[in-house]
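Scroll down for the structure; my scribbles are underneath it.
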Amino acid sequence: MNVCIVGTGYVGLVSAACLAETGNHVFCVDINEKIVERLKNCDIHIFEPGLEEFVRRNVDGRRLFFTTSLSEAIADSMFVFSCVGTPPQEDGSCDLSAVFAVAREIGRTMTDYKIVVNKSTVPVGTADQVRQIISEELEKRGVDIAFDVVSNPEFLKEGDAVNDFMKPDRIIIGTDNPETAALLEDLYAPYARSRDKLIVMGIRSAEMSKYAANCMLATKISFINEMANICEKVGADIRDVRVGIGSDHRIGYHFIYPGLGYGGSCFPKDVKALIRTASELDYPPGLLNAVEAVNNRQKYTMIDKIKAYFADKGGIEGKTMAAWGLSFKANTDDIRDSAAIYLIAELIEAGMTVRGFDPAAGDNAVRYFQGNAGFELSDDPYEMLDGADTLTVLTDWNQFRNPNFKMIREKLRYPMVFDGRNLFPSNTVSRFGLGCIRVGRPSIEPADV
Numbered sequence: 018m019n020v021c022i023v024g025t026g027y028v029g030l031v032s033a034a035c036l037a038e039t040g041n042h043v044f045c046v047d048i049n050e051k052i053v054e055r056l057k058n059c060d061i062h063i064f065e066p067g068l069e070e071f072v073r074r075n076v077d078g079r080r081l082f083f084t085t086s087l088s089e090a091i092a093d094s095m096f097v098f099s100c101v102g103t104p105p106q107e108d109g110s111c112d113l114s115a116v117f118a119v120a121r122e123i124g125r126t127m128t129d130y131k132i133v134v135n136k137s138t139v140p141v142g143t144a145d146q147v148r149q150i151i152s153e154e155l156e157k158r159g160v161d162i163a164f165d166v167v168s169n170p171e172f173l174k175e176g177d178a179v180n181d182f183m184k185p186d187r188i189i190i191g192t193d194n195p196e197t198a199a200l201l202e203d204l205y206a207p208y209a210r211s212r213d214k215l216i217v218m219g220i221r222s223a224e225m226s227k228y229a230a231n232c233m234l235a236t237k238i239s240f241i242n243e244m245a246n247i248c249e250k251v252g253a254d255i256r257d258v259r260v261g262i263g264s265d266h267r268i269g270y271h272f273i274y275p276g277l278g279y280g281g282s283c284f285p286k287d288v289k290a291l292i293r294t295a296s297e298l299d300y301p302p303g304l305l306n307a308v309e310a311v312n313n314r315q316k317y318t319m320i321d322k323i324k325a326y327f328a329d330k331g332g333i334e335g336k337t338m339a340a341w342g343l344s345f346k347a348n349t350d351d352i353r354d355s356a357a358i359y360l361i362a363e364l365i366e367a368g369m370t371v372r373g374f375d376p377a378a379g380d381n382a383v384r385y386f387q388g389n390a391g392f393e394l395s396d397d398p399y400e401m402l403d404g405a406d407t408l409t410v411l412t413d414w415n416q417f418r419n420p421n422f423k424m425i426r427e428k429l430r431y432p433m434v435f436d437g438r439n440l441f442p443s444n445t446v447s448r449f450g451l452g453c454i455r456v457g458r459p460s461i462e463p464a465d466v
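Last residue of the sequence shown: 466 (our numbering), numbering continuous.
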């Protein structure tokens with residue numbers, strides 16, 4: 018099949034490469050000429066494991082093409098996927114200007130039947146607005162061309178997006194047209210060979226499903242962080258509590274890892290957007306408000322612990338902290354709403370110097386802190402420890418799980434590390450004379466070795 022993908026961000030580029038991987042001819046559109054030229058040369062502008070290989074293979078196989086011309090891309094394409102960004106506005110609502118701009122351009126350029134697929138995360142009712150915009154543009158042209166608008170929300174995890182697309186848990190199609198559903202079922206058939214993964218529902222239910230899913234996951238994170246904070250007060254260990262509750266199949270172990278709060282491009286934006294939607298409809302979303310409030314508070318917890326530790330050591334002003342991890346989670350270079358970036362910014366504001374290291378997100382962090390003398394980027398996680406007062410782990414990259422504790426102890430001025438992801442094993446930390454302050458777990462005091 019011929020497919021047009023509008024947008025080359027995480028969702029658009031992953032969708033394009035994965036659809037091309039199963040033999041479709043995919044035309045990917047972006048208004049940024051520099052990005053398009055880079056992609057034509059298989060120079061990927063985002064970090065996503067496995068994506069570069071997919072792009073290169075399908076560009077070489079002449080199944081994946083990049084262009085700045087939407088009219089060129091949709092000319093022979095039945096499916097037009099809208100994968101443009103929907104960033105949050107100051108009031109928490111989604112900025113749909115790019116979605117509507119794509120709809121207008123489709124209406125101005127289409128010459129035959131199209132299935133317009135909203136894959137961007139958009140508020141309930143957006144598909145109806147897209148349909149209206151396209152109809153208005155067709156009317157201006159004085160033509161009557163059939164088309165359909167479908168909701169097909171993405172469920173891709175950054176860091177594992179390629180695998181999520183190729184082996185999805187579910188594929189949700191929002192449409193009232195059985196023929197359109199059948200065509201999309203054919204398109205997605207290669208990704209659902211082991212079982213039927215296609216779930217067809219009404220358009221508004223599909224749009225709502227995306228928000229409900231992300232808000233549920235955000236709720237689990239805020240819940241376990243709340244429990245972790247209470248564990249610290251009562252002397253319990255959240256690691257044991259997690260095992261105790263996770264063994265109940267109604268709860269499960271997934272997404273109940275305590276830390277510094279959720280971040281990234283999805284959860285914060287989608288929780289805010291659904292709160293906004295509910296509020297506009299005069300429904301007070303008490304639970305969602307609490308989820309957001311707990312998450313905002315969680316960002317301060319490790320900051321407070323760092324300040325408390327250095328309180329009798331002259332305070333944090335003038336101290337130097339080494340920070341492992343800058344992205345909002347492992348296996349991505351995305352620092353949007355990253356708890357790590359927030360913590361670093363707050364500590365710099367309080368007078369600390371922070372040296373940061375991240376396997377993928379360093380360049381993005383440099384751009385974020387551009388002109389801020391309090392932030393230094395390092396390309397070596399151990400050299401950065403020379404002369405540092407302490408080390409804080411902010412992202413759960415695998416390479417941080419079993420580091421050289423002997424070297425850490427020798428290099429740090431103070432024998433204390435702050436583990437914001439509960440990665441370090443207690444016995445190993447103690448064996449090398451380090452102390453460790455964690456999330457929801459008893460602190461480990463430094464020992465003489």
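Every residue gets a Cβ at the ideal spot worked out from N, C-alpha and C, and that includes glycine.
Model, not experiment: these values are computed from the prediction.
In the DSSP output, what is T85 paired with across the bridge?
Paired residue(s): none; T85 is not in a bridge.
Under 8 Å by Cβ, that's how I've got L277 and A362 pegged, so tell me the actual separation to the nearest angstrom.
13 Å between Cβ atoms; not a contact.
Using 7 Å as the cut-off, classify the Cβ of E363 as near or not near the heavy atoms of the ligand ATP, replying yes or no.
The ligand ATP is absent from the structure shown, which contains no ligand whatsoever.
What does the Cβ neighbour count give for A33, buried or exposed, with the cut at 16 atoms within 10 Å?
Counting of Cβ neighbours within 10 angstroms places A33 among the buried residues, the total reaching 16 or more.
Helix, strand or coil, according to DSSP, for N41 in the structure here?
Note: N41 maps to coil in three-state DSSP.
What is the C-beta distance between V167 and V97, in whole angstroms, given that I count them as a contact (C-beta under 8 Å)?
For V167 against V97, the beta-carbon gap comes to about 10 Å, at or over 8 Å, which does not count as contact.
Quick check on DSSP: helix, strand or coil for S222?
Helix at S222.
Rounded to whole angstroms, what's the CA-CA distance from D112 to L298? Just pull it up for me.
Rounded to the nearest angstrom, the two C-alpha atoms are 19 Å apart.
With distances taken from CA atoms, which of S152, A92 and E175 is nearest F117?
With distances taken between Cα atoms, F117 lies closest to S152.
Quick check on DSSP: helix, strand or coil for E461?
First, the amino acid is wrong: residue 461 is Ile here, not Glu. Three-state result, I461: strand.
Please go through the same chain and pick out, in chain order, the residues whose beta-carbon is closer than 7 Å to the beta-carbon of L215, but skip the five residues on each side of it.
For L215, the CB contacts under 7 Å within the same chain, skipping 5 residues up- and downstream, are I188, I190, E202, Y205 and A209 in chain order.
Please name the residue or residues paired with E427 in a DSSP beta bridge.
Looking at the DSSP output, E427 bridges to nothing.
Can you give the beta carbon distance from L291 to C232, rounded, assuming they're within the 8 Å contact cut?
Right, the Cβ-Cβ distance comes to about 6 Å (below 8 Å), so this counts as a contact.
In the DSSP assignment, find the beta strand (DSSP E) that holds I365 and state where it starts and stops.
Per DSSP, I365 is not a residue of any beta strand (DSSP E); the alpha helix (DSSP H) it occupies stretches across A356 to E366.
For V76 and F44, the rounded distance between their alpha carbons
Roughly 11 Å between the two C-alpha positions.
To the nearest angstrom, how far is it from the Cα of I238 to the Cα of F284?
Straight-line Cα distance between these residues: approximately 10 Å.
Compare the beta carbon distance of M369 and M401 with 8 Å and say whether it is the shorter of the two.
Cβ distance not < 8 Å, so M369 and M401 don't count as in contact.
Alpha helix (DSSP H) segments (min. 4 residues) lying fully within the segment 104–137
Here the runs fully enclosed are 114–126.
Suppose contacts are defined by Cβ-Cβ distances below 8 Å. Is V311 in contact with E243 by that definition?
Yes. Within cutoff.
Sequence-distant residues of its chain with Cβ nearer than 7 Å to G437 (five each side left out):
Only residues of its own chain outside the window of five on either side were considered, and among them G276, L277, M319, T409, V410, L411 and V456 have a CB closer than 7 Å to the CB of G437, listed in chain order.
Could you have a look at S168 and say whether DSSP puts it in helix, strand or coil?
In the structure shown, S168 falls within a strand segment according to DSSP collapsed to helix, strand and coil.
Pairwise C-alpha distance: E89 and N58:
If I take the Cα positions, the gap works out to 19 Å.
Could you check which residue in F386, P398 and V20 has the C-alpha nearest to that of F82?
When each option's Cα is compared against that of F82, the closest is V20.
Tell me which residues share the same chain as R458 and place their Cβ nearer than 7 Å to its Cβ, disregarding the 5 neighbours each side in the sequence.
These residues qualify, in order along the chain: D254, I255, R256 and N439.
Could you name the residues of the same chain whose beta carbon sits closer than 7 Å to that of P432, not counting the 5 residues immediately before and after it, in chain order?
Correct list, in chain order: R426, G450, L451, G452 and P463.
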